[in-house]
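What follows is a short report on a single structure.
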Ligand SMILES: *Cc1c(COP(=O)(O)O)cnc(C)c1O
């Protein structure tokens, strides 16, 4: 059975600005529609499909687990989740992890964790979480409020209280907002939805230093830029700092839903039985898949390859000296091309030429290709983007 775009529209809530085609299958770094039209994927399902499509080891591991045990309640431990917790905390240099199912859920839990840490130690009244302007942290009522963009603070009143917003990479603004009521700051090392904007290294280092002095927790939202995306285990590893809490999701799942709250020893024992939970969290099939992601991508050789691919993309785009390109930003294979024209137009034209790209903000074409992509495949897509840009009138 296959559906066309308009049939699909009939029964699904219209909460996304959706694009054609309807995707039917994938192989390697390509997606296909029902007519076997082929699309080179520079989106990874928004940073999720880090291993591409049909990755043999991932399929083998998840299928085997599917036949062994698909689910058990969190009143028991299961082997794949314990194994994943061990490997992930070791690679992340963190103490423990809580498993959920999505980025928003991970951030929501991280906010709870930070507030309880502070409540246990200092009592009530120290509950404010600072986030950055132009950030994105999720779609629940609380994570929408944590998101530092006014356009997300509409309709759904009342929102959760206790958030304030700091201008990204502005140390003076951070100091001004850091009152005695603040218990944590949440940061994306590279703001994804906000426009692929890496934070300033000195800013991050200074923020972490001051927070450590004041026992204000540092939460890195690594949902988009974590798990090898930037050529490091986490985006914040590019800044040589330590985190108290790290949230992960997207790329860790490689196609199945997972979210996680990584805890340093400082906060690892804050949640006690009954404080937090998630029915589907730590699903054995999903965890079996994530183990393959760690194995394939979070090792020195793979990370180095991602760094090289990222440098290649930047070099190729910068060398083109295309007048539509204002700047090329990002780290590793998380790339933003700031353009003079409408990025949505580039996205639509790219689909016609068999390439899928993302946008971010009003003026950025965003690239999040699968992390297993080759140089040759990258060049095919970049040439299409440059061709589109060269045809746009100034
Ligand atoms: C996508 C994203 C989220 C939300 O993740 P969901 O899985 O959609 O809930 C949170 N933070 C960042 C940085 C993201 O990119």
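Residue numbers (this note's numbering): 259 to 652. Quick reminder that beta carbons are idealized off the backbone N, C-alpha and C, glycines included. Note that the coordinates shown come from a computational prediction; the quantities given were computed from them, not determined experimentally.
Contact check for residue 299 against residue 627 passes: the beta carbons are separated by less than 8 Å. Assigned with DSSP and collapsed to three states, residue 405 falls in coil, not helix or strand. With respect to residue 541, residue 648 sits apart: the two C-beta atoms are not nearer than 8 Å. Residue 319 and residue 280 have their C-alpha atoms roughly 28 Å apart.
The nearest non-hydrogen atom of ligand 1 is less than 7 Å from the C-beta of residue 481. Sequence-distant partners of residue 507 (beyond 5 residues in either direction) whose C-beta falls short of 6 Å from its own C-beta, in its chain, are 360, 361, 364, 481 and 517. Burial is judged here by how many other beta carbons sit within 10 angstroms of a residue's own beta carbon; residue 531 has fewer than 16 and is exposed. Between residue 406 and residue 390, the CB-CB gap stays under 8 Å. Inter-residue distance for residue 511 and residue 321 is about 14 Å (C-alpha atoms, whole angstroms).
Residue pairing from DSSP places residue 623 in a beta bridge opposite 595 and 617. Note on geometry: alpha-carbon atoms of residue 509 and residue 491 lie some 11 Å from one another.
Annotated three-state conformation of residue 488 is coil, per DSSP. A straight line joining the alpha-carbon of residue 639 with that of residue 397 spans about 31 Å. Unbroken beta strand (DSSP E) stretches of 3 residues or longer found wholly inside the segment 348 to 397: 354 to 358 and 386 to 390, given in chain order. For residue 287, no alpha helix (DSSP H) segment is defined, and its DSSP state is neither H nor E. By the Cβ-count criterion, residue 276 is exposed, with fewer than 16 other Cβ atoms from all chains shown falling within 10 Å of its own Cβ.
In this structure, the straight-line span from the alpha carbon of residue 435 to that of residue 523 is close to 27 Å. Nearest in C-alpha terms to residue 446, of all of 588, 302, 282 and 274, is 588. Nearest neighbour of residue 470 by Cα position, chosen from 497, 501, 570 and 287, turns out to be 501. For residue 302, same chain residues with a beta-carbon under 7 Å away, outside a window of 5 residues either side, are 308, 626, 627 and 628 in chain order. If the five residues before and after residue 353 are omitted, its C-beta is found closer than 6 Å to the C-beta atoms of 521, 522, 523 and 526, all from its own chain and listed in chain order. By the CB criterion at 8 Å, residue 475 and residue 426 fall outside the cutoff. Among the bridge pairs identified by DSSP, residue 297 is matched with 289.
Not a single heavy atom of ligand 1 lies less than 7 Å from the C-beta of residue 315.
Within the segment 467 to 529, the complete alpha helix (DSSP H) segments of 4 residues or longer fall at 508 to 511, listed in chain order.
Taking 7 Å as the cut-off, the C-beta of residue 365 counts as close to a heavy atom of ligand 1. In this structure, residue 545 places its C-beta atom within 8 Å of the C-beta atom of residue 338. A straight line joining the alpha-carbon of residue 536 with that of residue 485 spans about 22 Å.
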